[in-house]
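S.K.: In terms of the numbering used here, the sequence shown opens at residue 13 and continues consecutively. The beta-carbon is built from N, C-alpha and C at its ideal position, and this holds for glycine as well.
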Amino acid sequence: MPHAYTPDIAGGFETLLHDDDKAREYLLGHLWPTGAPFCPRCGHRKVYTLSGDRLRCASCKYTFQPFSCRWINNGALSPSEWLRLVTLFVEEKSVHQMKQELSLSYNTVYKALTAIRFAILAHAIDARQLISPATGLDSYLKGNRLTGGPREMRMDTIPVYGILRKDKMVFIDLVLGLQAETLFHFHMNFHLKLIRTGNLVYSDRYKEYDALMFCGNDSLPYNVIRRYDEQPYIDEVQDDFWKYAQSRVKRFRGISCQRFPLYMKELEFRFNNRDKALPEILAAYLCALVPSME
13 MPHAYTPDIA GGFETLLHDD DKAREYLLGH LWPTGAPFCP RCGHRKVYTL
63 SGDRLRCASC KYTFQPFSCR WINNGALSPS EWLRLVTLFV EEKSVHQMKQ
113 ELSLSYNTVY KALTAIRFAI LAHAIDARQL ISPATGLDSY LKGNRLTGGP
163 REMRMDTIPV YGILRKDKMV FIDLVLGLQA ETLFHFHMNF HLKLIRTGNL
213 VYSDRYKEYD ALMFCGNDSL PYNVIRRYDE QPYIDEVQDD FWKYAQSRVK
263 RFRGISCQRF PLYMKELEFR FNNRDKALPE ILAAYLCALV PSME
């Protein structure tokens with residue numbers, strides 16, 4: 013989790029967006045709240061200063077830079093560019109709008125956004141379960157770097173997620189033991205209601221979940237999904253999170269079954285923190301160490 017410490021921002025967050033020195037100082041405050049650096053690999057607090065902004069741990073001899081081993085190190089952006097990107101992300105700008113406003117390439121923005129979404133997911137209570145072979149998200153991470161790629165998924169490996177409401181909070185759970193193939197089986201043989209919208213498929217209420225859902229690919233037999241006159245439970249009760257999520261899922265271009273949990277955990281985060289200062293929370297998330305999933 014990010015540090016409880018929140019660096020002071022004289023003049024407000026907006027003053028950091030075009031001042032690289034102030035932005036860097038602010039981010040370093042999240043890295044090292046006491047002002048004293050420590051090794052991101054072993055945690056030892058005795059480090060030596062080297063040339064070129066490098067540091068070396070006196071214990072494990074690891075040579076690193078301030079942002080090494082952290083989510084923010086996945087992207088060639090300056091400190092102020094990161095904070096401007098975070099602001100645009102909170103405003104739900106498109107990748108094309110972001111690249112124009114920041115004068116960066118599409119690929120640079122896309123990679124940085126992936127780092128933001130992984131940082132959000134890494135702070136979820138079920139992060140270890142989600143960044144795993146069960147979802148395929150582990151294939152994107154090589155150590156503490158986002159340098160991997162998506163793993164191919166078939167009907168018997170596409171994971172299923174459940175929407176669980178607790179008072180005013182929502183949780184998107186990985187439902188262990190269920191795959192897309194299972195939901196098609198339940199639909200055809202046990203009459204579990206399924207609804208398709210694009211590659212997104214969601215179900216009627218199932219056990220403690222208001223709905224089950226998955227994002228498929230072109231290999232799935234969508235044609236077997238029946239039409240129903242009655243709405244599934246989550247549409248019938250007009251769930252506020254589901255209305256919020258559906259309107260936004262349509263905006264995500266090229267969403268795949270491999271990246272689907274990144275987007276759904278982002279929506280979970282936005283919904284559950286809708287009354288909070290998201291840019292400051294996300295800056296802290298980006299500065300957190302990439303956890304070891306081994």
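Residues in its own chain within less than 7 Å of histidine 15 by CB, not counting five upstream and five downstream?
M.R.: Residue numbering aside, residue 15 sits at position 3 when the sequence shown is read from its first letter. Here histidine 15 scores only 44 on pLDDT, less than 50, and its place in the model should not be relied on; the value that follows carries that caveat. Excluding positions up to five away in sequence, the list reads His42, Pro45 and Ala296.
S.K.: Spell out the partners DSSP gives proline 171 in its beta bridges.
M.R.: Sequence index remark: in the sequence shown, residue 171 carries index 159 (1-based). In the DSSP output, where bridge partners are listed per residue, proline 171 has Gln191.
S.K.: Whole-angstrom Cβ separation of glycine 210 and cysteine 269, contact assumed at under 8 Å?
M.R.: Taking the first residue of the sequence shown as 1, we reach residue 210 at position 198. Taking the first residue of the sequence shown as 1, we reach residue 269 at position 257. Glycine 210 to cysteine 269, Cβ: 12 Å. No contact.
S.K.: Near methionine 13, which residues of its chain fall below 8 Å by C-beta distance, leaving aside the five closest residues on each side in sequence?
M.R.: Position 1 of the sequence shown, counted from the first residue, corresponds to residue 13. Confidence is the limiting factor: at methionine 13 the pLDDT is only 44, short of 50, which leaves the residue's position unreliable and the question unanswerable from this model.
S.K.: How should alanine 70 be labelled, buried or exposed, when 16 other C-beta atoms within 10 angstroms of its C-beta is the threshold for buried?
M.R.: For this step, residue 70 is matched to residue 58 along the sequence shown. Classification for alanine 70: exposed.
S.K.: How long is the line joining the alpha carbons of valine 302 and phenylalanine 226, rounded to whole angstroms?
M.R.: Stepping through the sequence shown from its first residue, residue 302 is reached at position 290. Stepping through the sequence shown from its first residue, residue 226 is reached at position 214. Taking the straight line from one Cα to the other gives about 26 Å.
S.K.: Express the C-alpha separation of proline 78 and proline 49 in angstroms, rounding to a whole number.
M.R.: Counted from its first residue, the sequence shown places residue 49 at position 37. Counted from its first residue, the sequence shown places residue 78 at position 66. So the two alpha carbons sit approximately 8 Å from each other.
S.K.: Look at the Cβ atom of methionine 110, then the Cβ atom of valine 121, and state whether they are nearer than 7 Å.
M.R.: For the purposes of this step, residue 110 is taken as the residue at position 98 of the sequence shown. For the purposes of this step, residue 121 is taken as the residue at position 109 of the sequence shown. Yes; because the gap between Cβ atoms is below 7 Å, this pair is in contact.
S.K.: On the three-state DSSP scale, how would you describe alanine 16?
M.R.: As a working note, residue 16 is residue 4 in the sequence shown. For alanine 16, the predicted model reports a pLDDT of 47, less than 50, meaning its position is unreliable and no value from the coordinates is stated.
S.K.: Could you give the residue range of the beta strand (DSSP E) that holds tyrosine 60?
M.R.: Within the sequence shown, residue 60 is the residue found at index 48, counting from 1. Run containing tyrosine 60: 59 to 61, per the beta strand (DSSP E) assignment.
S.K.: For isoleucine 184, which of helix, strand or coil comes out of DSSP?
M.R.: Residue numbering aside, residue 184 sits at position 172 when the sequence shown is read from its first letter. Note: isoleucine 184 maps to strand in three-state DSSP.
S.K.: So methionine 165 is in the beta strand (DSSP E); what residue range does that whole segment cover?
M.R.: Locating residue 165 in the sequence shown gives position 153, where the first residue counts as 1. Looking at the DSSP string, methionine 165 is not in any beta strand (DSSP E), and its letter there is neither H nor E.
S.K.: For proline 291 and glycine 87, what's the separation of their Cα atoms in angstroms?
M.R.: The sequence position of residue 291 within the sequence shown is 279, counting from 1. The sequence position of residue 87 within the sequence shown is 75, counting from 1. Straight-line Cα distance between these residues: approximately 18 Å.
S.K.: Which of the three DSSP states, helix, strand or coil, is assigned to leucine 149?
M.R.: Sequence index remark: in the sequence shown, residue 149 carries index 137 (1-based). DSSP places leucine 149 in helix when its eight states are reduced to three.
S.K.: Which one of Glu242, Tyr218 and Leu212 has the shortest CA to CA distance from leucine 307?
M.R.: With the chain covering 13 to 306 only, the question about residue 307 has no answer from this structure.
S.K.: Assuming phenylalanine 226 is part of the alpha helix (DSSP H), what are its boundary residues?
M.R.: The residue labelled residue 226 in the question sits at position 214 within the sequence shown. No alpha helix (DSSP H) contains phenylalanine 226, which is instead part of the beta strand (DSSP E) from 223 to 227.
S.K.: Please work out which residues of its chain come closer than 7 Å, Cβ to Cβ, to histidine 30, disregarding the five sequence neighbours upstream and downstream, and give them in chain order.
M.R.: Position 18 of the sequence shown, counting from 1, holds the residue named residue 30. Result list for histidine 30: Ser92, in chain order.
S.K.: In the DSSP output, what is serine 215 paired with across the bridge?
M.R.: Working through the sequence shown from its first residue, we reach residue 215 at position 203. DSSP, once it has assigned bridges, lists Leu206 as partnering serine 215.
S.K.: Quick one: using the 10 Å Cβ neighbour count with 16 as the cut-off for buried, is glutamine 191 buried or exposed?
M.R.: Taking the sequence shown and counting its residues from 1, the one referred to as residue 191 is at position 179. Label assigned to glutamine 191: buried.
S.K.: Which same chain residues, not among the five before or five after lysine 58, have their C-beta less than 8 Å away from its C-beta?
M.R.: Mapped onto the sequence shown, residue 58 falls at position 46. These residues qualify, in order along the chain: Cys69, Ala70 and Ser71.
S.K.: Which same chain residues, not among the five before or five after lysine 154, have their C-beta less than 8 Å away from its C-beta?
M.R.: For the purposes of this step, residue 154 is taken as the residue at position 142 of the sequence shown. Here the set comprises Gly160.
S.K.: Using a Cβ-Cβ cut-off of 6 Å (strictly less than) and excluding sequence neighbours within five positions of leucine 100, which residues of its own chain qualify?
M.R.: What you label residue 100 is simply residue 88 of the sequence shown in a count that begins at 1. Hits under 6 Å: Met110.
S.K.: Ignore the nearest five residues each way along the sequence and tell me which others in cysteine 54's own chain have a CB closer than 6 Å to its CB.
M.R.: The residue labelled residue 54 in the question sits at position 42 within the sequence shown. Around cysteine 54: Ser71 and Cys72.
S.K.: Of the choices Phe183, Gln112, Met276 and Leu176, whose alpha-carbon is the least far from that of tyrosine 245?
M.R.: Here residue 245 corresponds to residue number 233 of the sequence shown, with the count starting at 1. Looking at the Cα atoms, Leu176 is the closest of the given residues.
S.K.: Smallest Cα separation from histidine 327: which of Arg238, Pro273, Phe272 and Arg263?
M.R.: In the structure displayed, the chain extends from 13 to 306; residue 327 sits before or after that span and is not available.
S.K.: Just mark aspartate 179 as buried or exposed, buried being the case when its beta carbon has 16 or more other beta carbons within 10 Å.
M.R.: As a position in the sequence shown, residue 179 is number 167, starting the count at 1. Aspartate 179 is exposed by the Cβ-count criterion.
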